[in-house]
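According to the working numbering, the sequence shown is numbered sequentially starting from 6.
Positions of the beta carbon are idealized from the N, C-alpha and C atoms, including for glycine.
Below: the structure, in structure tokens.
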Amino acid sequence: MILKLKNSRITDWRGYKGRPFLISGPCSAETEEQVMETARQLAKIKEVSLFRAGIWKPRTRPNSFEGVGVEGLRWLRRVKEETGLLVGTEVANERHVYEALKYGIDMLWIGARTSVNPFTVQEISDALKGVDVMVLVKNPINPDIELWIGAIERVAKAGITRIGAIHRGFSSYEKTLYRNQPNWQLPIELRRRIPELPIICDPSHISGSRQFLHEISQKALDLNFDGLMLESHIDPDKALSDSSQQLTPNDLKELLSRLILRNPNPSDPKLLDVLGELRQQIDIYDDYLLDLMEKRMKVSETIGHYKKENNITILQSIRWDEIIKKAISKGQAKGLSAELIKTIFTAIHQESINLQMKIMNNGAKDQDYKK
Ligand code: PEP
Ligand code: MN
């Protein structure tokens with residue numbers, strides 16, 4: 006399905022205050038005072054366009070704070086009336102959609118534990134038919150781009166035109182630096198697949214702590230994301246959910262002041278000339294890489310035939326370990342990261358194995374080799 010998004014440019018969205026589209030507010034609405042005071046302070050920050058607060062909180066484990074429910078929607082409506090900020094909350098079923106719409110909520114987001122489930126996303130999308138509201142779809146907790154796109158398509162099919170994606174990172178079993186793995190290649194691939202879809206980064210849920218919020222936000226801006234969602238609470242240490250990743254409005258302001266906005270579409274001819282020339286060089290090297298890979302695969306094919314004739318197994322892991330080790334140390338001497346070398350060589354090796362498997366199990370191509 007080709008997605009047709011009207012008003013897809015975030016700059017056409019109501020409430021847009023300049024790049025990036027900034028969403029901020031507490032993880033959860035806890036009390037009317039906490040919501041109102043956070044909102045008053047955030048409204049003073051000129052970049053903030055939309056106030057977020059979770060009313061229904063999908064928690065991984067029971068017995069955590071699960072949100073204040075419908076009562077919080079009245080607080081959000083008050084935020085909108087008293088500060089002029091747009092307001093948004095998470096919806097996880099049809100009833101949430103109806104309740105939120107009753108209170109004039111401007112933006113509904115589908116959370117990461119909901120976007121994994123096509124039935125629920127469909128139920129939410131059906132409840133959205135004929136409604137003009139902004140809808141943001143968080144990536145599913147597992148790194149599955151088709152599932153993410155599927156959820157976006159369901160919302161688009163309901164007739165919603167202001168749709169965006171939120172990149173909030175992906176769960177993993179291993180304990181890592183961040184709470185959720187950013188897997189930047191997924192939002193980049195999403196951009197390639199649906200270029201007109203705005204993508205907002207949620208550094209709070211990727212980071213899981215205040216420590217990495219700035220570097221993740223900067224990275225998202227450098228990748229030309231359209232906006233940021235950063236959680237903010239007047240007293241983060243007392244927050245009932247996601248306490249360690251929330252910032253006070255003052256700290257948010259300070260973080261924003263340190264972000265650098267780079268130009269996504271330079272128009273100065275001098276800049277374009279230099280860039281154009283450098284990009285030509287990149288194109289030339291990319292062609293070299295393709296030629297080299299072609300040549301390497303040809304050798305691998307010959308080896309495949311040789312192994313078949315002499316009844317040798319395809320995989321000889323000692324040889325492979327040697328190749329990788331050598332490549333990593335040579336690459337590092339050239340300033341290339343071990344990660345890059347490992348990824349590229351593993352992919353090339355896998356392709357060689359696939360090719361040789363085909364040769365082993367299919368006699369037809371032997372003639373080609375003998376020619
Ligand atoms: C949230 O935004 O507070 C939230 C629950 O996010 P996620 O669905 O990304 O976990
Ligand atoms: Mn949260």
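Around ALA44, the same chain offers PHE56, VAL84 and THR88 as residues with beta carbons nearer than 6 Å, after the five sequence neighbours per side are excluded. For TRP18, no alpha helix (DSSP H) run applies, since DSSP gives it neither H nor E.
Between the stretch 27-42 and the stretch 243-261 there are three or more inter-stretch CB-CB distances shorter than 8 Å, so the stretches are counted as touching. In this structure, the alpha-carbon of GLY23 lies about 7 Å from that of GLU52.
According to DSSP, LEU235 shares a beta bridge with SER29.
For LYS85, the enclosing alpha helix (DSSP H) covers residues 76-88.
Scanning ALA132, PHE175 and ASP137 for the CA closest to the CA of VAL121 turns up PHE175. Comparing alpha carbon positions, the residue from LEU261, GLY281 and SER249 closest to ASN270 is GLY281. Beta-carbon to beta-carbon, VAL126 and ARG82 are separated by about 26 Å, too far to satisfy the 8 Å threshold.
Per DSSP, PHE230 lies in no alpha helix (DSSP H) and is assigned neither H nor E.
Per the DSSP secondary-structure output, LEU55 pairs in a beta bridge with ILE28 and LEU91. Of the other Cβ atoms in all chains shown, fewer than 16 fall within 10 Å of the Cβ of SER249; this residue is therefore exposed.
ASP207 has its Cβ nearer than 7 Å to a heavy atom of ligand 1.
The set of residues whose C-beta lies within less than 5 Å of a heavy atom of ligand 2 reads, in chain order, CYS32 and ASP247. One thing to note: ILE171 has its Cβ no nearer than 8 Å to the Cβ of LEU152. One Cα belongs to LEU360, the other to GLN286, and the distance between them is close to 31 Å. Within the model, the alpha-carbon separation for GLN223 versus GLU314 is close to 56 Å.
The residues ALA34, VAL40, ALA58, ILE60 and THR94, in chain order, have a CB closer than 8 Å to that of GLY77 in the same chain once the five nearest residues on each side in sequence are set aside. Distance from the CA of LEU113 to the CA of ASP231, rounded to the nearest whole angstrom, comes to 17 Å.
With respect to the 8 Å criterion, PHE350 and ILE323 are not classified as neighbours on the basis of their beta carbons. LEU257 is positioned such that its CB atom lies no closer than 8 Å to that of LEU277. At least one heavy atom of ligand 1 sits closer than 7 Å to the Cβ of ARG173. Under the DSSP definition of a beta bridge, ALA170 partners with VAL142 and ILE204. The beta carbon of TYR103 sits closer than 7 Å to the beta carbons of ALA132 from its chain, once the five residues preceding and following it are set aside; these are given in chain order. DSSP places VAL126 in the helix class (H, G or I) of the three-state scheme. Taking non-hydrogen atoms of ligand 1 into account, the C-beta of GLY30 is found less than 7 Å away from none of them. Annotation for TRP153: the continuous alpha helix (DSSP H) segment containing it runs 150-162. Looking from the CA of THR253, the closest CA among PRO31, LEU10, TRP18 and ALA156 belongs to PRO31. Set against 7 Å, the gap from the CB of ALA117 to the closest heavy atom of ligand 1 is smaller.
Nearest neighbour of GLY213 by Cα position, chosen from GLN251, ILE115 and TYR290, turns out to be GLN251. At least one heavy atom of ligand 1 lies less than 7 Å from the C-beta of PRO63. In the DSSP assignment, LEU106 falls outside any beta strand (DSSP E) and within the unbroken alpha helix (DSSP H) covering 99-107. Placement of the Cβ of HIS238 at a distance of 7 Å or more from every heavy atom of ligand 1 is found. Taken from the Cβ of GLY59, at least one heavy atom of ligand 1 lies inside 7 Å. Around the beta carbon of GLN337, fewer than 16 other beta carbons lie within 10 angstroms, which makes this residue exposed. As the crow flies, the alpha-carbon of ALA105 is around 8 Å from that of VAL96.
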